[in-house]
Structures are given as structure tokens and as C-alpha cells.
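Numbering (the working numbering), first residue to last: 262 to 692.
Ideal Cβ placement from N, Cα and C applies to all residues, glycine included.
None of these values were measured; they are calculated from a predicted model.
Everything on this sheet refers to the single structure shown next.
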Ligand SMILES: Cc1ncc(COP(=O)(O)O)c(C=O)c1O
């Protein structure tokens with residue numbers, strides 16, 4: 262049995278086999294970018310069709326939504342989707358306690374207050390039972406996040422939304438290509454937001470975002486809001502009238518052309534990723550004390566991030582704190598060449614911006630709720646446990662050629678787990 266690398270043995274992942282790249286940039290991508298530079302539309306508010314219009318049409322078709330609106334990034338996509346659905350001051354928006362910060366900042370930018378609900382311990386997506394408990398007369402929207410590429414359980418959330426007259430905005434920033442009961446994410450809510458940021462499953466060469474919706478009025482409002490509240494229509498000259506509050510949140514045609522070029526290869530990359538990740542995870546399922554990322558029977562999974570939970574009791578260490586075991590596993594696995602990392606360090610509810618209510622000043626937007634205090638930093642036991650006991654793999658496995666690397670990662674898990682005694686000794690010492 263090979264000695265652990267942390268104790269001076271050879272790493273399970275050979276150093277010269279570790280490099281893969283994401284995004285994969287091809288000659289087609291370069292041509293697409295140069296095509297925009299050589300054309301006559303370097304901004305999306307041109308009166309002739311641009312690369313942004315082209316990407317919008319292709320992505321709407323890809324998702325099965327009636328409309329798509331390109332914007333500057335995934336955070337503005339969320340914010341503009343909420344704005345286009347008229348979510349604003351005095352409203353509460355229910356957001357999962359476990360997500361990337363943008364999911365909760367977007368309602369805040371609308372002067373609405375995020376109310377955090379707990380998540381499911383396996384899918385890490387909104388727990389509909391906890392959501393139901395947190396609905397008040399001020400709740401205006403639900404914001405389910407398809408976290409790490411796993412679709413939220415949309416049917417019970419839609420049922421709650423319909424019963425209480427709430428809008429549903431999907432945060433699909435991490436979930437391009439995932440499906441729920443056979444339908445693509447992005448076609449399940451009143452509107453959805455995607456990120457094209459360069460590390461995402463559908464990347465651009467920098468930053469970008471897309472809103473999808475079946476509601477033409479919502480799409481028309483989103484187009485206005487992304488550009489100063491104006492109405493911009495191909496073939497009509499611009500009148501410079503602001504019909505409503507808007508921002509400058511346009512998507513750049515260069516980035517749209519790059520993303521459209523990537524979208525053409527997306528189905529092939531996605532199929533390869535499914536094969537690579539499934540073969541990797543299948544090798545880990547028998548190892549004790551690891552909760553391996555999984556999908557539910559009602560969905561596919563886009564595997565944007567792979568989050569593993571570690572259970573001290575299942576490793577015979579009931580007295581060791583999950584965070585101590587997690588720290589030891591991180592150190593030992595990184596020595597083997599597996600770049601496990603922590604993702605969020607706190608739940609969203611525990612983020613300083615919400616605990617200290619650092620919003621628009623003078624207590625806003627919370628002050629708009631007439632003294633109601635609709636959330637507390639604690640009270641999300643599942644999200645809090647996941648933060649303490651899990652580690653993630655990010656980005657490298659998105660490369661369609663990462664299959665062999667992932668098999669080395671599986672070798673490393675098996676090697677470390679065959680040295681469980683050492684792991685246990687190190688965790689006890691750390692604890
Ligand atoms: C769940 C989630 N929502 C929203 C965003 C925001 O996207 P962007 O970085 O494009 O603003 C991200 C980005 O990582 C995300 O992971």
C-alpha cells in the first residue's frame with residue numbers, strides 16, 4: 262500500500278497529469294470574436310441585429326423558453342428579472358440559506374429583503390417545507406437556486422407560489438443544461454437567470470448573463486431595464502426616452518459571439534462531462550463517511566460543482582468535530598493532488614451584509630418592512646452543517662478531456678480511505 266503523500270509518499274495524481282483547462286477555447290471561438298471586431302456592431306443597442314440578438318435566439322431555443330435577454334452578468338440577470346417582475350421595496354423574497362452571495366444581493370438591490378430558508382441535505386436546494394414556514398403577507402417571490410447544477414424541486418415550490426400569488430425566479434447561474442422532470446432549467450419559473458462568467462458550464466470570455474422567460478411583457482421590461490429604461494428596437498432609431506428606471510447592464514457582442522460559439526459545442530461537452538463525472542462518482546459511493554454528489558430521480562445534474570460531505574461518526578470518530586475532520590481530509594487529499602476546497606465560509610444568512618444590515622443606508626431596505634424582522638442569522642441547521650462538513654471540486658472536471666484526471670482523483674480517494682487509520686489519528690490530533 263502506497264504511503265500517503267502527506268507523509269512523504271508519491272501523490273496518487275501524477276504531477277504531469279494534473280493540467281486540464283476550462284474554458285476550452287477553439288479556432289471557432291477565435292473566429293467568432295474576430296467576426297464581431299471586423300463587423301459594425303460593437304454594442305448591443307445597434308439598430309441592426311447584433312451577436313447579442315443571435316445568442317438570445319439560440320439560447321431561448323436551447324432552453325425551450327419563448328424569450329431570452331442578454332445582460333452584463335448573472336447578478337444583473339437576477340436583479341433585472343426581479344425588477345421586470347415588479348419586485349421592490351417592502352417585498353420579501355425567499356432565498357436558500359446556502360448559495361453564492363449574488364442570489365441574496367439581487368433582491369437587496371431591488372430594495373426587497375431576502376428571507377433565508379433552509380436547504381435539502383442531499384440536493385442542497387430549497388427545502389419546500391421550510392419555505393412554506395417562512396411565507397408571510399409580504400412575500401412576493403421565491404428564488405430557488407439550482408445549486409451546483411442540481412435543479413431545485415420546482416413542483417412543490419410552484420404549488421406554494423400559486424397558492425400565495427408569488428413570482429418564481431430561477432437562479433440557474435450554475436445549471437446550464439440541467440433538466441427537471443424532462444424540462445430544461447430556465448423554462449420552469451416566471452423568469453430565470455443564467456451566468457456566462459468564464460468558469461460556468463456555458464462560459465464567455467469574461468462576464469455575461471442571460472434572462473429567459475415565456476412572458477413577453479417580462480422580456481420587454483428586462484430589455485428596457487438593461488438599457489436606461491429605453492425602448493430599443495431593431496430598424497427603429499433610438500428616441501432617448503427613459504420610460505422606467507433602468508441601468509446600463511448590456512451584454513457585449515464580443516462576449517455574446519464567444520458564448521454562442523461555445524453553445525454550439527455545449528451538447529457534446531455536456532454528454533462527455535456526464536460520462537466522466539458519473540464514472541468518477543461511481544467509484545466513491547462505497548467509501549464510508551462520504552456523501553457523494555447525487556441527483557434525484559426527477560432531474561438530471563449539470564455537475565457544475567461537486568460537493569462532498571464527510572461524516573465523522575461513519576468513520577468511527579463521533580467525538581471529532583466535522584470541521585476538524587474536513588480540514589484533515591483537505592490537507593491529505595491536496596497532498597495527493599486532489600484540489601478539494603471550501604466554497605462558502607458561512608451561510609448567506611450569516612453574511613455580514615445581512616447580519617449588520619448594510620444596505621442602502623438609514624436601515625433600508627429593511628426599514629421598509631415597518632419594523633418586521635423576517636430573518637435571523639441562525640435557524641438553518643442543514644445549511645449550517647453543510648458549511649462545516651463539506652468540500653468541493655470546481656472547474657477542472659468541466660473540461661471534457663478530464664476523464665483520466667477524475668480517475669486519478671478516484672485513485673486518491675481510494676488510497677486515502679485505505680489509510681483510514683492514519684486519517685483517524687490525524688483528525689483526533691487536530692480535534
Ligand atoms: C448561484 C449563483 N447565482 C448568481 C451568480 C452570479 O453570476 P455572475 O458572477 O455572472 O454575476 C453566481 C456566480 O457564480 C452563482 O453561482
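Taken through DSSP and simplified to helix, strand or coil, residue 622 comes out as strand. Judged by their CB atoms, residue 596 and residue 274 are not nearer to each other than the 8 Å cut-off. Bounds of any beta strand (DSSP E) do not take in residue 541; it lies within the alpha helix (DSSP H) bounded by 514-545. Secondary structure of residue 417 (DSSP, three-state): helix. Proximity of the segment 407-414 to the segment 669-679 falls short of the contact definition, fewer than three beta-carbon pairs being nearer than 8 Å. Fully enclosed beta strand (DSSP E) runs of no fewer than 3 residues occupy 374-378 and 400-403 of the segment 357-427, in order along the chain. The beta carbon of residue 399 lies closer than 6 Å to those of 353 in the same chain, with the five residues before and after it left out. Linking residue 301 to residue 474 through their CA atoms gives a straight-line distance of about 29 Å. By the C-beta criterion, the segment 663-672 is judged to be in contact with the segment 535-542, since at least 3 inter-stretch pairs fall below 8 Å. Selection 289, 307, 265 and 271 evaluated against residue 500 yields 307 as nearest (Cα-Cα).
For residue 334, the Cβ falls inside the 7 Å cut-off from some heavy atom of ligand 1.
Counted as a single uninterrupted DSSP element, the beta strand (DSSP E) harbouring residue 571 occupies residues 566-571. Under the 8 Å Cβ criterion, the segment 431-443 counts as touching the segment 451-470, having at least three qualifying pairs.
Nearest to residue 314 by C-alpha distance, out of 576, 494 and 556, is 494. Secondary structure at residue 656: coil, using DSSP grouped into helix, strand and coil. Per DSSP, the beta-bridge partners of residue 441 are 444 and 560.
Rounded to whole angstroms, the gap between the alpha carbons of residue 640 and residue 492 is 44 Å. Here the C-alpha atom of residue 320 lies approximately 11 Å from the C-alpha atom of residue 438.
Excluding five sequence positions before and after residue 583, the CB atoms of its chain that fall closer than 8 Å to its own CB belong to 571, 572, 573, 646, 649 and 650, given in chain order. Relative to the non-hydrogen atoms of ligand 1, the Cβ of residue 406 comes within a distance shorter than 7 Å of at least one.
No Cβ-Cβ contact shorter than 8 Å links residue 568 with residue 361. Here the alpha carbon of residue 401 sits roughly 50 Å from the alpha carbon of residue 278. From the listed residues 452, 580 and 497, the smallest Cα separation to residue 346 is found for 452.
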